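Residue numbers (UniProt numbering): 1 to 258. We put the CB at the ideal spot given by N, CA and C, even for glycine. For clarity, every value in this text was computed on a predicted model and none was experimentally measured.
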């Protein structure tokens, strides 16, 4: 299903996006050496409930997971890149942490992810991975607008990731959002320009470039959820929800300091 939102829906989507951005930035600020992933999950739970919103993850039970997910945020560390199940793990200096949050407020969903290094260490490989996903995300946003094709967005993302020297996995990527978290169209992180669904005002898309340092192959953890690099290499993931407008794309999950 592809949902096209009306003006009132888009206004509510802005509120949801602002909430998601605020929660992620708060959690990023609190995630220091010694912080436990379960603490992050609990903080997310508290902020979502206090805002009168609903988590998109607690009851999430897709065919590829061992559901329901049962937590409020995805916490992926180092070689984990997607669907990281919060567990009893205290963060260490130099850990690369990705936080992925999807929330529904007023009946509209927004989805965003941020990757960062914990503590004072700045491993060059980790910094490069994060930078590549952030640049790819900006390129994808720039390519989105009324009349553009999904393939144009995918091509823009994949071009940046490929130029940075990373292999691109196309099993998981961006997607439509609206009244639910995952909708059509699928937005691969690599694609051919001029192909696919034509973007229209009122369409919401979650764009999410992610990469692994030296492989394109994923493995699933014993928890049935957490997806890791097959080689144990570091990974990174960046994501924003955008609304297609009459003259471009509006980033709904942009933090105030972005």
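{"Query": "Leaving aside the five residues before and after residue 106 along the sequence, list all residues of the same chain whose C-beta is less than 8 Å from its C-beta, in chain order.", "Result": "12, 15, 16"}
{"Query": "How many Å lie between residue 3 and residue 177 at the Cα?", "Result": "8 Å"}
{"Query": "Using 8 Å as the cut-off, can you tell me whether the region 196-204 makes contact with the region 158-173, which would need three or more C-beta pairs spanning the two stretches below that distance?", "Result": "no"}
{"Query": "May I have a chain-ordered list of the alpha helix (DSSP H) segments no shorter than 4 residues that lie completely inside the region 162-245?", "Result": "none"}
{"Query": "According to DSSP, is residue 20 part of a helix, a strand, or is it coil?", "Result": "helix"}
{"Query": "By DSSP, does residue 124 sit in helix, in strand, or in coil?", "Result": "helix"}
{"Query": "Once the 5 residues before and after residue 20 are set aside, which same chain residues still bring their CB inside 6 Å of it?", "Result": "101, 103, 110, 112, 253"}
{"Query": "Give the DSSP-derived three-state secondary structure of residue 5 in the structure shown.", "Result": "coil"}
{"Query": "Considering Cα atoms alone, identify which of 245, 115, 246 is closest to residue 239.", "Result": "115"}
{"Query": "Can you tell me whether residue 130 is buried or exposed, with buried defined as 16 or more other CB within 10 angstroms of its CB?", "Result": "buried"}
{"Query": "In angstroms with no decimal places, state the Cα-to-Cα distance between residue 48 and residue 125.", "Result": "33 Å"}
{"Query": "Quick one: grab the DSSP three-state call for residue 58.", "Result": "coil"}
{"Query": "With three or more C-beta pairs closer than 8 Å as the rule, is the region 74-91 touching the region 217-232?", "Result": "yes"}
{"Query": "Please state whether DSSP places residue 75 in a helix, a strand or coil.", "Result": "strand"}
{"Query": "Assuming contact is defined by CB atoms lying nearer than 9 Å, are residue 217 and residue 230 in contact in what I supplied?", "Result": "yes"}
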